[in-house]
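Trainee: From first to last, the protein sequence lines stand for chains A and B.
If you read the first sequence in the numbering used here, its first letter stands for residue 497, the second for the next number, and so on.
If you read the second sequence in the numbering used here, its first letter stands for residue 1432, the second for the next number, and so on.
Cβ atoms here follow ideal geometry from the backbone N, Cα and C, with glycine treated the same way.
No experiment lies behind these values; they were computed from the predicted model shown.
Please read through the structure below; I'll follow up with questions.
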Amino acid sequence: MKFSYCIFGQIFLFTVLHISSFGQELIGKPQNSLKFSLGVGYDDGLTLLRTVPALGFGYERMLNKRFSVASHIFSFYRTMPDSYFDRDPNGRFLIDLKARGASQPFFSPEEEALITRGVIPLDSRNTVKTLSLPVDIGIIYYPINSKRHSLGVNFALCMTYTSHNWWRDYYSIFSLVLEDGTEATPLSNDLMLSLNSEFHSFTPQLSLKLIYEYKFKNFGTGFRISNYGYVDMGLDFFSRTLTIWDTSLFLTLKL
Amino acid sequence: MRYFFTIWVMIAVLSVAKSQRSDLEIEFGTSVGLNKGAVGYCLSMGYVQQIRNQSRHSWGVEIAHTFHTSNRNLPDVSSDMILNLRSADNPSPRGSFFGWDKESFPPIRFSANPNRYFNFNVGAMYRYQLYHKSRTSLVVGLGLHASWRDEMEIQSILKPISINIIVGIETNTLIPVYQYNTYWDAGFSPQISYRFDLSKKMYVQTLHKMYLFPFSDNLIYTGTVGLGFSL
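What follows is the structure, encoded as structure tokens:
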């Protein structure tokens, strides 16, 4: 992962060094600008899971010196092992009665009559996998907006696409009878029946961001702390989403 | 020391390349895992620079997310595919279950797209401008990529008549069996883009790439629309 941060460092530093000339004229925020961001995302409780750099970009239009409208998209993916399996990083045996060597997981009755069932090991590492893709639009208020510095607070409505899998529990199996009459009794202590909590959803939420930007002539660079979903706007099924945080570096280019 | 050397090389290259055109690009669009039957999105960011001033050749680096889902290997019984097995602490993905119990939640339903494939690509690319006229141009290229891949794929669904587990005998239950993979991969990507100059400083382009990963036999197409900025 250090390699990926190195690549981003190249993009970021190349860009900053290329378009900056130190001591150049400083001006205020441009009327229209685009933001490129890359950072680190956190789950609720500021839990840092195994994650890749989070990417984002957005558009901002200044309404006056204090207010602007802005829209932003942010891609944040993370994964982690389940705590049940921390002691066995090589993975446990999951239940799978798929025939050895079979290429298809589902069989016709004719095929099932011909094959010999067996138990195969499946990799069970990193069973928690989550993607959050919020798209937001809102207002940025700048209590501080000088030629060189600006500090803003962004209040936004966002729609978050979440794809989530969490291996929440497992049971040891004593016996199993399949619909074709196959009996597996007993299997093994190493065989687990896993219970996944798994869903995809689009969820309306609120987003809050704190933004600091340092401005050059045609661009700016800065730091942003964001929260998505501390307040969600849905009920029941629609509230099935996750609260996430983001700390990102960004680059602003004047249009 | 390694990072100091990297930064030194960057500054050295920059010092001789200051006069050449360099672009920053952001892309967003569709991504398709062709061999998995999976569809999703691609979000990428890149830096491209001409090798020499006025040259048709350029090089660059890029960083990208692609995410796909698919319903491959799901039997056609989606309305019945409810996992009844659950306990009081596994009903919802939210972090806190205060006040919630097993009966508060509907049965965990299979998603229509249970297979997930995530790629985080970092790499370098070479591009050649095939055609340029007025405000339009056609560019082809080739990229080399390292890819961190994180996958979850359903392997089978068991349909037991009965299952005897530690909490009792359950019936009318479907059991999904998933496989999880996390690994680094490497590949290359032929690419073609058509761009239209909006101004001297900015262009819009449509970029099409085919990511080929020979070690894992994966084939990913991305078709994106993006903006480029001359720095």
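Strictly below 9 Å CB to CB, what residues from chain C border A/Tyr637?
Mentor: The chain labelled as chain C is not found among the protein chains of the depicted structure, namely A and B.
Trainee: How far does the beta strand (DSSP E) with A/Asp742 in it extend, from its first residue to its last?
Mentor: Translated into positions along the first sequence, residue 742 of chain A becomes position 246. Looking at the DSSP string, the run of the beta strand (DSSP E) that includes A/Asp742 is Ile740 to Lys750.
Trainee: Could you say if the stretch 552 to 566 of chain A and the stretch 530 to 539 of chain A meet the contact criterion of at least three C-beta pairs nearer than 8 Å?
Mentor: A contact exists between the stretch 552 to 566 of chain A and the stretch 530 to 539 of chain A.
Trainee: Mark A/Lys561 as exposed unless 16 or more other C-beta atoms lie within 10 angstroms of its C-beta, in which case mark it buried.
Mentor: Within the first sequence, residue 561 of chain A is the residue found at index 65, counting from 1. Label assigned to A/Lys561: exposed.
Trainee: With 16 other CB atoms within 10 Å as the buried threshold, where does B/Tyr1562 fall?
Mentor: Position 131 of the second sequence, counted from the start, is the residue given in the question as residue 1562 of chain B. That one is exposed.
Trainee: Ignore the nearest five residues each way along the sequence and tell me which others in B/Asp1628's own chain have a CB closer than 7 Å to its CB.
Mentor: If you number the second sequence from 1, residue 1628 of chain B lands on position 197. Same-chain partners within the cutoff: Arg1566 and Tyr1634.
Trainee: When the cut-off is 9 Å and only beta carbons count, does A/Thr623 lie next to chain B?
Mentor: In the first sequence, residue 623 of chain A corresponds to position 127, counting from 1. Cβ-Cβ to chain B under 9 Å: yes for A/Thr623.
Trainee: How is B/Gln1451 classed by DSSP in three states: helix, strand or coil?
Mentor: Start at 1 with the first residue of the second sequence, and residue 1451 of chain B comes out as number 20. Note: B/Gln1451 maps to coil in three-state DSSP.
Trainee: Could you tell me whether the Cβ of A/His568 comes closer than 9 Å to any Cβ of chain B?
Mentor: Here the question's residue 568 of chain A lines up with position 72 in the first sequence. False, the Cβ-Cβ gap to chain B never drops below 9 Å.
Trainee: For the stretch 646 to 656 of chain A and the stretch 692 to 709 of chain A, state whether three or more C-beta atom pairs, one from each stretch, are separated by less than 8 Å.
Mentor: Contact holds: three or more Cβ-Cβ distances are below 8 Å.
Trainee: Report the rounded CA-to-CA distance for B/Asn1550 versus B/Gly1659, giving the unit in angstroms.
Mentor: Looking up residue 1550 of chain B in the second sequence gives position 119. Looking up residue 1659 of chain B in the second sequence gives position 228. One C-alpha to the other measures close to 23 Å.
Trainee: For B/Ser1453, I'd like the list of residues in its chain whose CB is within less than 8 Å of its CB, leaving aside the five on either flank, ordered along the chain.
Mentor: Your numbering for residue 1453 of chain B matches position 22 in the second sequence. These residues qualify, in order along the chain: Tyr1478, Val1479, Gln1480, Gln1481, Ser1661 and Leu1662.
Trainee: For B/Ser1489, which residues from the same chain have a beta carbon less than 7 Å from its beta carbon, with the 5 sequence-adjacent residues on both sides left out?
Mentor: Locating residue 1489 of chain B in the second sequence gives position 58, where the first residue counts as 1. These residues qualify, in order along the chain: Val1479, Gln1480, Gln1481, Ile1482 and Arg1558.
Trainee: Do you know how far the Cα of A/Ser529 is from the Cα of A/Phe715?
Mentor: What you label residue 715 of chain A is simply residue 219 of the first sequence in a count that begins at 1. What you label residue 529 of chain A is simply residue 33 of the first sequence in a count that begins at 1. If I take the Cα positions, the gap works out to 9 Å.
Trainee: Given a cut-off of 9 Å, decide if A/His660 and A/Leu627 are closer than it, judged by their beta-carbon atoms.
Mentor: Here residue 627 of chain A refers to the residue found at position 131 when the first sequence is read from its first residue. Here residue 660 of chain A refers to the residue found at position 164 when the first sequence is read from its first residue. Against a cut-off of 9 Å, the Cβ pair of A/His660 and A/Leu627 comes out as a contact.
Trainee: For the beta strand (DSSP E) that contains B/Leu1662, what are its first and last residues?
Mentor: In the second sequence, residue 1662 of chain B corresponds to position 231, counting from 1. Element bounds for B/Leu1662: n/a, residue is neither H nor E.
Trainee: Give the straight-line distance between the Cα atoms of B/Gly1618 and B/His1576, rounded to the nearest whole angstrom.
Mentor: By one-based count along the second sequence, residue 1618 of chain B stands at place 187. By one-based count along the second sequence, residue 1576 of chain B stands at place 145. Using only the alpha carbons, I get a separation of about 5 Å.
Trainee: What would DSSP say about A/Arg557, mapped onto helix, strand or coil?
Mentor: Counted from its first residue, the first sequence places residue 557 of chain A at position 61. Correct three-state label for A/Arg557: strand.
Trainee: Please classify B/Gln1636: is it buried, with 16 or more other beta-carbons within 10 angstroms of its beta-carbon, or exposed?
Mentor: Position 205 of the second sequence, counted from the start, is the residue given in the question as residue 1636 of chain B. Per the 10 Å Cβ criterion, buried.
Trainee: Checking contacts by CB at 9 Å: is B/Ala1495 closer than that to chain A?
Mentor: In the second sequence, counting from the first residue as 1, residue 1495 of chain B sits at position 64. Yes - at least one Cβ of chain A is within 9 Å of the one on B/Ala1495.
Trainee: Opposite B/Tyr1609 in the DSSP bridges: which residues?
Mentor: Within the second sequence, numbered from 1, the residue matching residue 1609 of chain B stands at position 178. Paired residue(s): B/Ile1585.
Trainee: Between B/Arg1626 and B/Glu1582, which are expected to be in contact by the criterion C-beta below 8 Å, what is the C-beta distance as a whole number of angstroms?
Mentor: The count along the second sequence starts at 1 and reaches residue 1626 of chain B at position 195. The count along the second sequence starts at 1 and reaches residue 1582 of chain B at position 151. Going by Cβ atoms, the distance from B/Arg1626 to B/Glu1582 rounds to 33 Å, so no, they are not a contact pair.
Trainee: Per DSSP, what kind of secondary structure is A/Asn528 in: helix, strand or coil?
Mentor: Here residue 528 of chain A refers to the residue found at position 32 when the first sequence is read from its first residue. A/Asn528 falls in the strand class under three-state DSSP.
Trainee: Can you find the residues in the same chain that come closer than 6 Å, C-beta to C-beta, to B/Thr1653, ignoring five residues on each side of it along the sequence?
Mentor: Locating residue 1653 of chain B in the second sequence gives position 222, counting from the first residue. If we look at B/Thr1653 and ignore the five residues flanking it on each side, its Cβ neighbours are Ser1462, Cys1473 and Lys1640.
Trainee: When DSSP builds the beta bridges, which residues end up paired with A/Tyr726?
Mentor: Residue mapping note: residue 726 of chain A aligns to position 230 of the first sequence, counting from 1. Its beta-bridge partners do not exist; DSSP assigns none.
Trainee: Compare the C-beta of A/Phe532 with all C-beta atoms of chain B and state if any pair is closer than 9 Å.
Mentor: Your numbering for residue 532 of chain A matches position 36 in the first sequence. Yes, contact with chain B.
Trainee: Quick one: does the C-beta of A/Phe570 sit closer than 8 Å to a heavy atom of the ligand GDP?
Mentor: Within the structure as shown, the ligand GDP is missing, as the structure has no ligands at all.
Trainee: Is it buried or exposed for A/Leu629, if we count other Cβ within 10 angstroms and need 16 for buried?
Mentor: For the purposes of this step, residue 629 of chain A is identified with residue 133 of the first sequence, where counting begins at 1. Per the 10 Å Cβ criterion, buried.
Trainee: So the beta strand (DSSP E) A/Asn641 belongs to, where does it begin and stop?
Mentor: Here residue 641 of chain A is taken as the residue at index 145 of the first sequence, counted from 1. First-last of the beta strand (DSSP E) with A/Asn641: Val624 to Asn641.
Trainee: What residues from chain B crowd round A/Val548, counting only those whose CB sits closer than 9 Å?
Mentor: Residue numbering aside, residue 548 of chain A sits at position 52 when the first sequence is read from its first letter. Those are His1496, Phe1549, Phe1551, Trp1579 and Asp1581, listed as they occur along chain B.
Trainee: With a Cβ-Cβ cutoff of 9 Å, do B/Ser1475 and B/His1499 count as a contact?
Mentor: Here residue 1475 of chain B refers to the residue found at position 44 when the second sequence is read from its first residue. Here residue 1499 of chain B refers to the residue found at position 68 when the second sequence is read from its first residue. It is not a contact, given that the beta carbons lie outside the stated cut-off.
Trainee: Exposed or buried, B/Trp1615, counting other C-beta atoms within 10 Å across all chains shown (16 or more means buried)?
Mentor: The residue you call residue 1615 of chain B lines up with position 184 of the second sequence. By the 10 Å Cβ count, B/Trp1615 comes out exposed.
Trainee: On a CA-only basis, which of A/Leu559, A/Thr547, A/Leu704 and A/Thr717 is nearest B/Trp1579? Give me that one, please.
Mentor: Your numbering for residue 1579 of chain B matches position 148 in the second sequence. Checked all of A/Leu559, A/Thr547, A/Leu704 and A/Thr717; the closest Cα to B/Trp1579 is A/Thr547.
Trainee: When you check each C-beta in the stretch 1633 to 1652 of chain B against every C-beta of chain A, which residues fall closer than 9 Å?
Mentor: Result list: Met1633.
Trainee: Sorted by chain position, which residues of the same chain lie with C-beta nearer than 7 Å to B/Arg1487's C-beta, five sequence neighbours on each side aside?
Mentor: If you number the second sequence from 1, residue 1487 of chain B lands on position 56. Here the set comprises Tyr1559 and Gln1560.
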